Amino acid sequence: MSHNASIPHRLISQDVPQAPSLMRATLSSLWSPFNGFLEWFGELGIFAWQVMRAAVRRPFEGRELLRQLDEIGSKSLPLVALAGAAIGAVLSLESRSSLVRFGAKSMLPAALVFSIIHETGPIVTGLVVSGRVGAGIGAELGSMKVTEQIDAIEASGVNPYKYLAFTRIVACILMLPLLTLAADLFGIMFGWIADTLIDPISFTKFIHHGFGGTTFSDFLAPTFRTLVFGLIIGMIGCFQGMRTRGGTAGVGLSATSSVVLSSLFVILADVVLVKLILVFFP
Amino acid sequence: MSRAARLGAFIIATLAILAAGVFIIGSKQYLFSPTYRLKAQFATVVGLDAGAEVRIGGVHTGTVREIDLPTKPTDKITVLMDLQRSTHSIVKQDSVASIETEGLLGNEYVAISFGSEQAKNVKDGDTIGSEAPLVIADLMKKADGILVTSQEALNNVTVVTANLSSISTKINQGQGTIGALVNDKKVYTQLDETTAGLRDTVNHAQAGVTAFQENMEAMKQNFLVRGFFKKRGYESSSDLEKNEIAKLPDSAPLKSFAFDSKKLFDKADTAKPKNEKSLRAAGQFLADTEFGVAVVVVSAGMTGDEQKDLVLTQARAMVVRDYLVNNFSFDDSQLKTLGRGKGKSDTPDSGWGTVEIIVYPAEAEVPAQTSAANPK
């Protein structure tokens, strides 16, 4: 600024933007977020590759895996069960009013069971777990990164990709379908409770009607679709945590970004997976 | 609770949910109970899907496993069904599969009827008979046709009703003959007047006839025409058969008088009497004697027309009877006449015919009047 003020003539001559440089500036301003996006994906790919390479090497971190299974699976159960129950009750109440309008009240169990095991159970589990576990992994690994614990682990001869990342990712992949089953069960049960409080129906009859038209592809394919959700949540949580930069603020940032990104990718992956399942199990 | 135990409980619980789901759905598809396979062929399966229910007597006892399109256009669609082994005793070779719909718009399912007791058991993979499904769209088409026809019929009815309405309106408004008849008092009045007039006319006609009869009676007495009747000897032809009987009584006569017509009548072909006094003997006898019936029997000569002679004899008998009734006192209902016509007499004959007065005793039966005679 002071330099510009002292030599105004040169300033003017230099400040007049030349056409090629303006275009370059515009292009670079568009390019940099796109470039950042591509870089992020590239780094994710490299990270995934490193995790896979680390995974196939001995020793297997059994104890840590068990800890993570417990952390991600059993400890998520109350949250997932509660979310599933709430969604089941809400679905029951909501679809009752619309089904009554069409005179198809007797279809309620089938509609409820179908929507819970097909879509609501898996996606609610995916989102709830990505919130709880994604944030946890992001924050935990982020703080380990900024306090240089990861470097210390690496220095002690332990592969941090194996010890920290792989165990968490595998735990996510394994636990997600089980949590989904729990969400399904609680959803259907509380759907029945909400239904029977308005219009009494026995649980046996509810289940019998609800599963009347279901096939294995209706049940198993959506449930095991959540294996992919688990992969996404674990992978993005670990990746965001391990590339944390910039101290304590960076930890918060990576926790937030891991939740946001894993939720987003769970939903996006769901679109593709639903289509894929419909292709293979019409 | 240790971490491992907690994790184990969680995993076992969720896997139990998985197992429960698998078994609930599996039981719907009969994956875990022994089944046998049946086939049925249909021209159309109206949207039946693999996985649809198979019901026997309305009970869900199986699943449609596969639906195969035929390879040739002449073949039918084959539906493969898995049925519970327990239905084996019900489903026989003569069981019939049909595709039905839950409610009007519900899911399709296959219904299999009970077999008959004497029919053979089905084997795994057998094909049983099928019944063409009821296609709602076809029903709709039929119903549509019926509706169109009834619409036309109703249109016709409407037209007829309109016509009837128009006619009745016209009648009501007094248009046309019927309308006038129904509504116009004038017509009724006129009809009434006409009837009354007609009655008057008839009355007048009757009066006229009576007057005419009187005129005729008067004319007979008139000197201009009196000659005709006088010459004929009697006035009314309608009286000729008044007292005539068909035949003589069967019983024996009490007394009989015979006269030659030539001495009693003016001419050979008339009934104009002359010398009636010669009948006095007979008249006196009738007045003095208690008799049953007396008959004036007249026959003509052999000359003349037969019909004319019959009338002549009848007239002469009447004339003689009139003379006797008028001049001698006895019950005139006992004196009958009998005109015998041409030449039936064997009594003395001058060629003019004869007159006989035959008297029968009281017990004699009076024969019937001649059929043509007016009843009294």
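Residue numbers (the numbering used here), protein chains in the order written: chain A, 1 to 282; chain B, 1001 to 1376.
Cβ coordinates follow ideal geometry from the N, Cα and C atoms, glycine included.
Model, not experiment: these values are computed from the prediction.
So, at 7 Å on beta carbons, what are the nonlocal neighbours of B/GLU1066 in its own chain, with the 5 sequence-adjacent residues on each side left out?
Looking up residue 1066 of chain B in the second sequence gives position 66. Cβ neighbours of B/GLU1066 within its own chain (closer than 7 Å, five residues either side excluded): ALA1050 and LEU1080.
Which residues, in chain order, does the stretch 1039 to 1067 of chain B contribute to contact with chain A at a C-beta distance below 7 Å?
Only those residues of the stretch 1039 to 1067 of chain B whose C-beta falls short of 7 Å from the nearest C-beta of chain A are listed: GLY1051.
If you run the structure through DSSP and keep just helix, strand and coil, what is A/VAL271?
Numbered from its first residue, the first sequence carries residue 271 of chain A at position 271. Here A/VAL271 sits in helix by DSSP.
For B/TYR1188, is the classification buried or exposed, using 16 other Cβ atoms within 10 angstroms of its Cβ as the cut-off for buried?
Translated into the one-based positions of the second sequence, residue 1188 of chain B becomes position 188. Counting other Cβ atoms within 10 Å of its Cβ, B/TYR1188 stays below 16 and is therefore classed as exposed.
For the alpha helix (DSSP H) containing B/LEU1338, name the first residue and the last one.
One-based indexing of the second sequence puts residue 1338 of chain B at position 338. It is not in any alpha helix (DSSP H) - B/LEU1338 instead sits in the beta strand (DSSP E) that spans 1335 to 1342.
B/GLU1244 (DSSP reduced to helix, strand or coil)
Counted from its first residue, the second sequence places residue 1244 of chain B at position 244. B/GLU1244: strand per DSSP, three-state reduction.
Helix, strand or coil: how does DSSP classify A/ARG245 here?
Position 245 of the first sequence holds residue 245 of chain A. In the structure shown, A/ARG245 falls within a coil segment according to DSSP collapsed to helix, strand and coil.
Nearest-angstrom Cα distance between B/VAL1045 and B/PRO1133?
Mapped onto the second sequence, residue 1045 of chain B falls at position 45. Mapped onto the second sequence, residue 1133 of chain B falls at position 133. If you draw a straight line from the Cα of B/VAL1045 to the Cα of B/PRO1133, it comes to about 7 Å.
What's the C-alpha gap between B/SER1166 and B/LYS1185?
Sequence index remark: in the second sequence, residue 1166 of chain B carries index 166 (1-based). Sequence index remark: in the second sequence, residue 1185 of chain B carries index 185 (1-based). Their Cα atoms are separated by approximately 22 Å.
Assign B/ASN1275 to one of three DSSP states: helix, strand, or coil.
Stepping through the second sequence from its first residue, residue 1275 of chain B is reached at position 275. Correct three-state label for B/ASN1275: coil.
I'd like to know whether the C-beta of B/GLY1021 is nearer than 8 Å to at least one C-beta of chain A.
Position 21 of the second sequence, counted from the first residue, corresponds to residue 1021 of chain B. By this cut-off, B/GLY1021 is an interface position.
Can you check which of these residues, B/VAL1311, B/GLY1021 and B/LYS1039, is closest to B/ARG1232 by C-alpha distance?
Working through the second sequence from its first residue, we reach residue 1232 of chain B at position 232. The candidate whose alpha carbon is nearest that of B/ARG1232 is B/VAL1311.
For A/VAL160, which residues in the same chain have their Cβ closer than 8 Å to its Cβ, ignoring the five residues on either side in sequence?
Along the first sequence, read from residue 1 onward, the residue named residue 160 of chain A stands at position 160. Note on identity: in this sequence residue 160 of chain A is Pro, with Val being the wrong assignment. Short of 8 Å from the beta carbon of A/PRO160, and not among the five residues preceding or following it, lie these beta carbons of its own chain, in chain order: ILE150, ILE153, GLU154 and MET242.
Nearest by alpha-carbon distance to B/VAL1355: which of B/GLY1304, B/GLU1290, B/ASP1288 and B/SER1256 is it?
As a working mapping, residue 1355 of chain B is identified with position 355 in the second sequence. The shortest CA-to-CA distance from B/VAL1355 to any of B/GLY1304, B/GLU1290, B/ASP1288 and B/SER1256 is the one to B/SER1256.
Chain B beta carbons: is any one of them nearer than 8 Å to that of A/ASP151?
Here residue 151 of chain A refers to the residue found at position 151 when the first sequence is read from its first residue. Contact with chain B is absent for A/ASP151, since none of that chain's Cβ atoms lies less than 8 Å from the residue's Cβ.
On the three-state DSSP scale, how would you describe B/ASP1260?
In the second sequence, counting from the first residue as 1, residue 1260 of chain B sits at position 260. Three-state DSSP puts B/ASP1260 in a strand.
Could you tell me whether any Cβ in chain A is nearer than 8 Å to the Cβ of B/THR1014?
Counted from its first residue, the second sequence places residue 1014 of chain B at position 14. Among the CB atoms of chain A, one or more fall inside 8 Å of the CB of B/THR1014.
Return the Cβ separation of A/GLY42 and A/PHE186 in integer angstroms, given the expectation that the two are a contact with Cβ distance under 8 Å.
Taking the first sequence and counting its residues from 1, the one referred to as residue 42 of chain A is at position 42. Taking the first sequence and counting its residues from 1, the one referred to as residue 186 of chain A is at position 186. Wrong, their Cβ atoms sit about 40 Å apart, outside the cutoff.
Relative to the C-alpha of A/TYR163, which candidate in A/LYS205, A/LEU220, A/GLY62 and A/VAL272 has its C-alpha closest?
Taking the first sequence and counting its residues from 1, one reaches residue 163 of chain A at position 163. Answer by Cα proximity: A/GLY62.
In DSSP terms, what B/VAL1054 is bridged to
To locate residue 1054 of chain B, count along the second sequence from 1; it is residue 54. Partner(s): B/GLY1062 and B/VAL1110.
Specify, as a first and last residue, the run of the beta strand (DSSP E) that B/SER1098 falls within.
Counted from its first residue, the second sequence places residue 1098 of chain B at position 98. It spans 1096 to 1101 - the beta strand (DSSP E) in which B/SER1098 sits, taken as one unbroken run.
Is B/ALA1004 buried or exposed, if buried means 16 or more other CB atoms sit within 10 Å of its CB?
Looking up residue 1004 of chain B in the second sequence gives position 4. Taking all protein chains shown into account, B/ALA1004 has fewer than 16 neighbouring C-beta atoms within 10 Å of its C-beta and is therefore exposed.
For B/ARG1037, three-class secondary structure by DSSP
Here residue 1037 of chain B refers to the residue found at position 37 of the second sequence. In the structure shown, B/ARG1037 sits in a strand (DSSP, three-state: E or B).
If distances are taken between C-alpha atoms only, which option among B/GLY1008, B/ILE1025, B/LEU1007 and B/ALA1016 comes closest to A/PHE219?
Counting from 1 along the first sequence, the entry for residue 219 of chain A is found at position 219. Among B/GLY1008, B/ILE1025, B/LEU1007 and B/ALA1016, the Cα nearest to that of A/PHE219 belongs to B/ILE1025.
Relative to the alpha-carbon of A/SER128, which residue among A/GLU94, A/ALA139, A/LEU112 and A/ILE72 has its alpha-carbon at the smallest distance?
Along the first sequence, one-based indexing puts residue 128 of chain A at 128. One detail in the question is off: residue 128 of chain A reads as Val in this sequence, not Ser. The candidate whose alpha carbon is nearest that of A/VAL128 is A/ILE72.
Would a check of beta-carbon distances place B/LEU1069 closer than 8 Å to chain A?
As a working mapping, residue 1069 of chain B is identified with position 69 in the second sequence. Output row for B/LEU1069: interface = no.
Any Cβ of chain B within less than 8 Å of the Cβ of A/ARG67?
As a position in the first sequence, residue 67 of chain A is number 67, starting the count at 1. Under the 8 Å criterion on CB atoms, A/ARG67 is classed as interfacial with respect to chain B.
Cutoff 8 Å: B/ASP1024 Cβ touching any chain A Cβ:
By 1-based counting over the second sequence, the position of residue 1024 of chain B is 24. The sequence shown places Ile at residue 1024 of chain B, not Asp. Residue-level contact check: B/ILE1024 touches chain A, since one or more beta carbons of chain A fall below 8 Å from its beta carbon.
Measure the C-alpha to C-alpha separation of B/LEU1164 and B/ILE1146 and round it to an integer number of angstroms.
Mapped onto the second sequence, residue 1164 of chain B falls at position 164. Mapped onto the second sequence, residue 1146 of chain B falls at position 146. Straight-line measurement puts the Cα of B/ILE1146 at about 26 Å from the Cα of B/LEU1164.
For B/ALA1271, tell me which candidate among B/GLY1283, B/ARG1280 and B/LEU1240 has the shortest Cα-Cα distance.
Counting from 1 along the second sequence, the entry for residue 1271 of chain B is found at position 271. Considering only B/GLY1283, B/ARG1280 and B/LEU1240, the residue with the shortest C-alpha distance to B/ALA1271 is B/LEU1240.
What does the Cβ neighbour count give for B/ILE1012, buried or exposed, with the cut at 16 atoms within 10 Å?
If you number the second sequence from 1, residue 1012 of chain B lands on position 12. When all chains shown are included, B/ILE1012 counts as exposed.
Selected residue, minimal CA-CA separation from A/GLY136, among A/CYS172, A/GLU39, A/SER156 and A/PHE102:
By 1-based counting over the first sequence, the position of residue 136 of chain A is 136. Of the candidates A/CYS172, A/GLU39, A/SER156 and A/PHE102, the residue whose Cα lies closest to the Cα of A/GLY136 is A/CYS172.
Measuring straight from C-alpha to C-alpha, what distance separates B/PHE1328 and B/LEU1338?
For the purposes of this step, residue 1328 of chain B is taken as the residue at position 328 of the second sequence. For the purposes of this step, residue 1338 of chain B is taken as the residue at position 338 of the second sequence. Between B/PHE1328 and B/LEU1338, the C-alpha separation is close to 20 Å.
List, in chain order, every chain A residue whose beta-carbon is nearer than 9 Å to that of B/LYS1076.
For the purposes of this step, residue 1076 of chain B is taken as the residue at position 76 of the second sequence. The contacting residues do not exist; B/LYS1076 stays about 24 Å from chain A at best.
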